[in-house]
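Visitor:
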Amino acid sequence: MRFISTRGNESVTGAQAIAQGIAKDGGLFVPETFPKVTSEELSAMLPMSYAERAATVLYKFLDDYDFEELKTACEQAYSQFEGDDPAPLVKIDSSLYMLELFHGPTCAFKDMALTLLPYLLRKGCDLSGIEEEVLILVATSGDTGKAALEGFKDAKGVKVMVFYPNDGVSKMQKLQMATQEGDNVNVVAVRSNFDDCQSAVKQFFTSDDVKEELKKRNVILSSANSINFGRLAPQIAYYFSAYLDLVSSDQIAMGDEVNFAVPTGNFGNILAAYYAKRMGLPVKKLVCASNKNNILTDFIKTGVYDKRREFYKTMSPSMDILISSNLERLLFELSGREPTRVKLRMDKLKEEGVYEIYEEEREKIQSLFAADFCGEDETVETIYEFFEEYAYPMDTHTACAMYAASGYMAVSKDETPMVVVSTASPYKFPQDVMYALTGNDIKDSFKAIKHLNLTTAMKVPKSLSKLRDKKVRFTAVADADKLYEKVLEFVDGK
Ligand SMILES: *Cc1c(COP(=O)(O)O)cnc(C)c1O
Numbered sequence: 023m024r025f026i027s028t029r030g031n032e033s034v035t036g037a038q039a040i041a042q043g044i045a046k047d048g049g050l051f052v053p054e055t056f057p058k059v060t061s062e063e064l065s066a067m068l069p070m071s072y073a074e075r076a077a078t079v080l081y082k083f084l085d086d087y088d089f090e091e092l093k094t095a096c097e098q099a100y101s102q103f104e105g106d107d108p109a110p111l112v113k114i115d116s117s118l119y120m121l122e123l124f125h126g127p128t129c130a131f132k133d134m135a136l137t138l139l140p141y142l143l144r145k146g147c148d149l150s151g152i153e154e155e156v157l158i159l160v161a162t163s164g165d166t167g168k169a170a171l172e173g174f175k176d177a178k179g180v181k182v183m184v185f186y187p188n189d190g191v192s193k194m195q196k197l198q199m200a201t202q203e204g205d206n207v208n209v210v211a212v213r214s215n216f217d218d219c220q221s222a223v224k225q226f227f228t229s230d231d232v233k234e235e236l237k238k239r240n241v242i243l244s245s246a247n248s249i250n251f252g253r254l255a256p257q258i259a260y261y262f263s264a265y266l267d268l269v270s271s272d273q274i275a276m277g278d279e280v281n282f283a284v285p286t287g288n289f290g291n292i293l294a295a296y297y298a299k300r301m302g303l304p305v306k307k308l309v310c311a312s313n314k315n316n317i318l319t320d321f322i323k324t325g326v327y328d329k330r331r332e333f334y335k336t337m338s339p340s341m342d343i344l345i346s347s348n349l350e351r352l353l354f355e356l357s358g359r360e361p362t363r364v365k366l367r368m369d370k371l372k373e374e375g376v377y378e379i380y381e382e383e384r385e386k387i388q389s390l391f392a393a394d395f396c397g398e399d400e401t402v403e404t405i406y407e408f409f410e411e412y413a414y415p416m417d418t419h420t421a422c423a424m425y426a427a428s429g430y431m432a433v434s435k436d437e438t439p440m441v442v443v444s445t446a447s448p449y450k451f452p453q454d455v456m457y458a459l460t461g462n463d464i465k466d467s468f469k470a471i472k473h474l475n476l477t478t479a480m481k482v483p484k485s486l487s488k489l490r491d492k493k494v495r496f497t498a499v500a501d502a503d504k505l506y507e508k509v510l511e512f513v514d515g516k
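To get our numbering, take the position in the sequence shown, counting from 1, and add 22.
1. Using the three-state DSSP reduction, which class does Thr35 fall into: helix, strand or coil?
2. When DSSP labels each residue in this structure, what does Arg331 get in the three-state scheme?
3. Compute every distance between the C-beta of Ala177 and the non-hydrogen atoms of ligand 1, then say whether any falls below 7 Å.
4. Strictly by DSSP, which residues pair up with Glu155?
5. Does any heavy atom of ligand 1 sit closer than 7 Å to the C-beta of Thr438?
6. Are three or more beta carbon pairs between the stretch 387-400 and the stretch 92-99 nearer than 8 Å?
7. Note down, one range per segment and in chain order, each beta strand (DSSP E) of at least 3 residues found wholly within the stretch 163-217.
8. My understanding is that Leu118 touches Ala109, with C-beta atoms under 8 Å, so please give their C-beta distance in whole angstroms.
9. If you draw a straight line from the C-alpha of Gly515 to the C-alpha of Thr404, how long is it?
10. Rounded to the nearest angstrom, what separates Gly287 and Met199 at their Cα positions?
11. Does DSSP put Ile274 in a helix, in a strand, or in coil?
12. Assign Val284 to one of three DSSP states: helix, strand, or coil.
13. I'd like the list of long-range same chain contacts for Asp85, defined as Cβ closer than 6 Å, with 5 residues on each side in sequence excluded.
14. If you run the structure through DSSP and keep just helix, strand and coil, what is Lys113?
15. Rounded to whole angstroms, what's the CA-CA distance from Gly82 to Leu459? Just pull it up for me.
16. Tell me the rounded alpha-carbon separation between Phe496 and Gly190.
17. Taking 7 Å as the cut-off, is the beta-carbon of Met341 closer than that to any non-hydrogen atom of ligand 1?
18. Take the Cβ of Phe89 as the centre, count every other Cβ of all protein chains shown within 10 Å, and call the residue buried at 16 or more, exposed below.
19. Nearest to Val210 by CA position, among Ser33, Cys219, Gly204, is which residue?
20. Taking only runs of the alpha helix (DSSP H) that begin and end inside the stretch 60-126, which ones reach a length of at least 4 residues, in chain order?
21. Starting from Ala311, trace the beta strand (DSSP E) in both directions and tell me its first and last residue.
22. Are the Cβ atoms of Ser447 and Ser347 separated by less than 8 Å?
23. Between the Cα of Glu410 and the Cα atoms of Gly49, Ile114, Ser71, which residue gives the shortest distance?
24. Kindly indicate which residue of Leu68, Lys508, Val59, Thr445 has the alpha-carbon position closest to the one of Val257.
25. Can you tell me which of the three DSSP states Ile44 falls into?
26. Is Asp165 closer than 8 Å to Ser312 when the C-beta atoms are compared?
27. Starting from Glu382, trace the alpha helix (DSSP H) both ways and give me its first and last residue.
28. Do the stretch 347-361 and the stretch 288-305 touch if we need at least three Cβ pairs shorter than 8 Å?
29. How long is the line joining the alpha carbons of Phe468 and Met456, rounded to whole angstroms?
30. Asn215: which of Asp230, Tyr265, Tyr261, Asn315 sits nearest, CA to CA?
31. Please list the terminal residues of the continuous alpha helix (DSSP H) segment that includes Phe468.
32. May I have the straight-line CA-CA distance separating Leu489 from Gly204, to the nearest angstrom?
33. For a minimum of 4 consecutive residues, which ranges assigned as the alpha helix (DSSP H) are wholly contained in the stretch 402-465?
34. Pop quiz: Ala517 and Ser150 are said to be a contact at Cβ under 8 Å. What is the actual Cβ separation, rounded to whole angstroms?
35. Mind reading off the beta-carbon distance from Tyr186 to Gly167? Whole number of angstroms is fine, and I expect it under 8 Å.
36. Using the Cα positions of Lys178 and Met134, report the straight-line distance between them to the nearest angstrom.
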C-alpha cells in the first residue's frame, strides 16, 4: 500500500510515511485506497487477542512490514497495559458502552499508539534506508507528550523533544512530563498555547533551513503527533476490537451498526473511527464531542471553519485546540480527494483564519458525523450525574463525549448501540473529578487521588501513584519564538 499527500503528488511507502511523519509539501499522508475488511475477515478476528486484532488491522495498511514481527511488536506494546485487556469495553446500560482506552503506562488513550510507534518508526527507518539519528518533535496539549516520552525513552537512535503550553496542561500532566526518565528526552514548557506549539513544530518540518542545519548534525526530524500515520493506524484497531467485543458478548449480531462518541481535539481519534468505517466496519454515526472550544461543532453544523475566536483553557486541556490537524485528512476525502482544494483551504486558514466547504461536502459530513460541545458546568454535571446513576467515574474529556452522546441520542431518537470512547483515567485529572463528584476543591494532586479512591473505590493506576516520589528533571520555560534554539541546544547536547 502506498501513501499520498493531502496537498500534492508525493507518494511513499508506509514505512516512509511513518519515518517522515509529514509530507514534504506540508500535507499529511493518507492511504492511497482504503483496504477493505470483509465480514468473513471480521469473523476470523473474533477469537483473536487484542494484539492479534491490532496487527491484523495494521497489516492492511502496512504490508511492507512483516506480519509476524508486527504481531510481536503489538504483543510487546500492549503487555505494558494494566489488566489483561488493553481496551476493555464496559457495558453501562442496555445500549450504552464505554470503551476504556486509558489502561496504558501514561493513563490516556495516546498510549494505544505510542507504545507501538517506537517499533513502527524504527522499522520504518530501516525499511526506508534512513541511517541518521531521528529527532522526534512533539507539540502536546498534555497527553501525547508524556506518552511519547515514555514510549521512546532510551530508544536507540532516537531523541524526543516535547513542547507543551506552560499554563495549558493539568498539574498531573505537567508532573508526568517534568519527571520523565531517560537519557534521550527533553521537555520545554512554552509561554503560549497548544496551537502555537503545534504551528512551530509543523514549521520546522517544512523548513529547508532547519533540515539543512540538522543534516549537518546527522539528524532528521520525525513526528509522534497524530499527523503521523503511525499514530493513526493503531487507533483504527480499537474500533474494530470494540465492535468484535460487542459481537462476541452477544450485544449485537455481526453486521449490525454501532455509533461511537469521541472526545475530540486534534481530530485524530475520531478520524481513526472514520477510517474504520471506510474499511467496512458497520458504523452508523460518529459523534464529535468538543469542549468549550467548539470550533469543530460549528464547522460540522455550518461548514465554516473559523478560528478567529477566543481560545479557552478548560478542565479538559487535551481538547483545548483551535486548529485540528487531522481534519485535513477528512477534508481530503470530502473533496473527493482533491489536493488542490485541500491546499487552498489550508492556505486560507493560515492567512485569513477561516475557510468554508461546499454545501455538498457539508451534507456529506453531516450524514456521517453529529457534533456537540460540552461547557465547563456541563462537564462537572455530567461527571456527577453519571456517577450518581451508574457509579462509574469519568474523566473530564470522557464527560464531554458522554454529554454529546446523550444529547445526540435524546434528539435523534437513534437507538443504535452507542460506544463512548473514554480517553483518560479520572485519576489523571483528580482535582477536577473530585470537585465534580463532591464539590471539594483539593489543591494537592496526590491528596485528590486518595480522596477520589475513597469516593469511587476505583483502583489507582500504579504509574500515577509512583509519580509522587520522582525527581523533577525538566524546568525550562521558553517563548514560542525561541523553540528552534532549544532544539539545536538539545541536539548539540547543551
Ligand atoms: C488527545 C486527547 C483527546 C483528543 O484526541 P484527538 O485525537 O486529538 O482528537 C481527548 N481526550 C484525551 C484525554 C486526550 O489525551
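Glycine included, every Cβ here is placed at the ideal spot set by N, Cα and C.
Guide: Here's the rundown:
1. In the sequence shown, residue 35 corresponds to position 13, counting from 1. Here Thr35 sits in strand by DSSP.
2. Locating residue 331 in the sequence shown gives position 309, where the first residue counts as 1. Looking at Arg331 - three-state DSSP - the assignment turns out to be coil, as it is neither helix nor strand.
3. As a working mapping, residue 177 is identified with position 155 in the sequence shown. It does not: the Cβ of Ala177 is nowhere closer than 7 Å to a heavy atom of ligand 1.
4. By one-based count along the sequence shown, residue 155 stands at place 133. The beta-bridge partner set that DSSP reports for Glu155 consists of Val241.
5. Along the sequence shown, one-based indexing puts residue 438 at 416. It does not: the Cβ of Thr438 is nowhere closer than 7 Å to a heavy atom of ligand 1.
6. no
7. 180-187, 207-212
8. Position 96 of the sequence shown, counting from 1, holds the residue named residue 118. Position 87 of the sequence shown, counting from 1, holds the residue named residue 109. Wrong, their Cβ atoms sit about 17 Å apart, outside the cutoff.
9. Position 493 of the sequence shown, counted from the start, is the residue given in the question as residue 515. Position 382 of the sequence shown, counted from the start, is the residue given in the question as residue 404. Going by C-alpha positions, Gly515 is about 47 Å away from Thr404.
10. The residue given as residue 287 occupies position 265 in the sequence shown. The residue given as residue 199 occupies position 177 in the sequence shown. Taking the straight line joining both Cα atoms gives about 20 Å.
11. Reading the sequence shown from its first residue, position 252 is the one you call residue 274. Three-state DSSP puts Ile274 in coil, outside helix and strand.
12. The sequence position of residue 284 within the sequence shown is 262, counting from 1. Looking at Val284 - three-state DSSP - the assignment turns out to be strand.
13. Here residue 85 refers to the residue found at position 63 of the sequence shown. Closer than 6 Å at the Cβ level, and outside the excluded window around Asp85, lie Met23.
14. Position 91 of the sequence shown, counting from 1, holds the residue named residue 113. In the structure shown, Lys113 falls within a strand segment according to DSSP collapsed to helix, strand and coil.
15. In the sequence shown, counting from the first residue as 1, residue 82 sits at position 60. In the sequence shown, counting from the first residue as 1, residue 459 sits at position 437. Per the sequence shown, the amino acid found at residue 82 is Lys instead of Gly. Spanning the two alpha carbons is a distance of roughly 43 Å.
16. Position 474 of the sequence shown holds residue 496. Position 168 of the sequence shown holds residue 190. Rounded to the nearest angstrom, the two C-alpha atoms are 17 Å apart.
17. The residue you call residue 341 lines up with position 319 of the sequence shown. Result yes, Cβ under 7 Å from ligand 1.
18. If you number the sequence shown from 1, residue 89 lands on position 67. By the neighbour-count rule (16 or more Cβ atoms within 10 Å), Phe89 is not buried but exposed.
19. Counting from 1 along the sequence shown, the entry for residue 210 is found at position 188. Relative to the Cα of Val210, the nearest Cα in the group Ser33, Cys219, Gly204 belongs to Cys219.
20. 61-67, 72-83, 89-100
21. In the sequence shown, the residue the question calls residue 311 occupies position 289. Here the beta strand (DSSP E) through Ala311 covers 305-312.
22. Translated into the one-based positions of the sequence shown, residue 447 becomes position 425. Translated into the one-based positions of the sequence shown, residue 347 becomes position 325. Taking 8 Å as the Cβ cut-off, Ser447 and Ser347 do not qualify as a contacting pair.
23. The residue you call residue 410 lines up with position 388 of the sequence shown. Closest in C-alpha terms to Glu410, from the list Gly49, Ile114, Ser71, comes Ile114.
24. The residue given as residue 257 occupies position 235 in the sequence shown. According to the sequence displayed, residue 257 carries Gln and not Val. Gln257 has its Cα closest to that of Thr445, out of Leu68, Lys508, Val59, Thr445.
25. Mapped onto the sequence shown, residue 44 falls at position 22. Ile44: coil per DSSP, three-state reduction.
26. Counted from its first residue, the sequence shown places residue 312 at position 290. Counted from its first residue, the sequence shown places residue 165 at position 143. Contact: no.
27. Position 360 of the sequence shown, counted from the start, is the residue given in the question as residue 382. First-last of the alpha helix (DSSP H) with Glu382: 381-390.
28. yes
29. Indexing the sequence shown from 1 puts residue 468 at position 446. Indexing the sequence shown from 1 puts residue 456 at position 434. Rounded to the nearest angstrom, the two C-alpha atoms are 12 Å apart.
30. Here residue 215 corresponds to residue number 193 of the sequence shown, with the count starting at 1. For Asn215, the nearest C-alpha among the options comes from Asn315.
31. Taking the sequence shown and counting its residues from 1, the one referred to as residue 468 is at position 446. 467-478 is the extent of the alpha helix (DSSP H) around Phe468.
32. Position 467 of the sequence shown, counted from the first residue, corresponds to residue 489. Position 182 of the sequence shown, counted from the first residue, corresponds to residue 204. Their Cα atoms are separated by approximately 15 Å.
33. 418-434, 452-460
34. The chain is shown only over 23 to 516; residue 517 falls outside these bounds and no answer can be derived.
35. Counting from one through the sequence shown, the residue named residue 186 turns up at place 164. Counting from one through the sequence shown, the residue named residue 167 turns up at place 145. Right, their Cβ atoms sit about 5 Å apart.
36. Here residue 178 refers to the residue found at position 156 when the sequence shown is read from its first residue. Here residue 134 refers to the residue found at position 112 when the sequence shown is read from its first residue. Using only the alpha carbons, I get a separation of about 21 Å.
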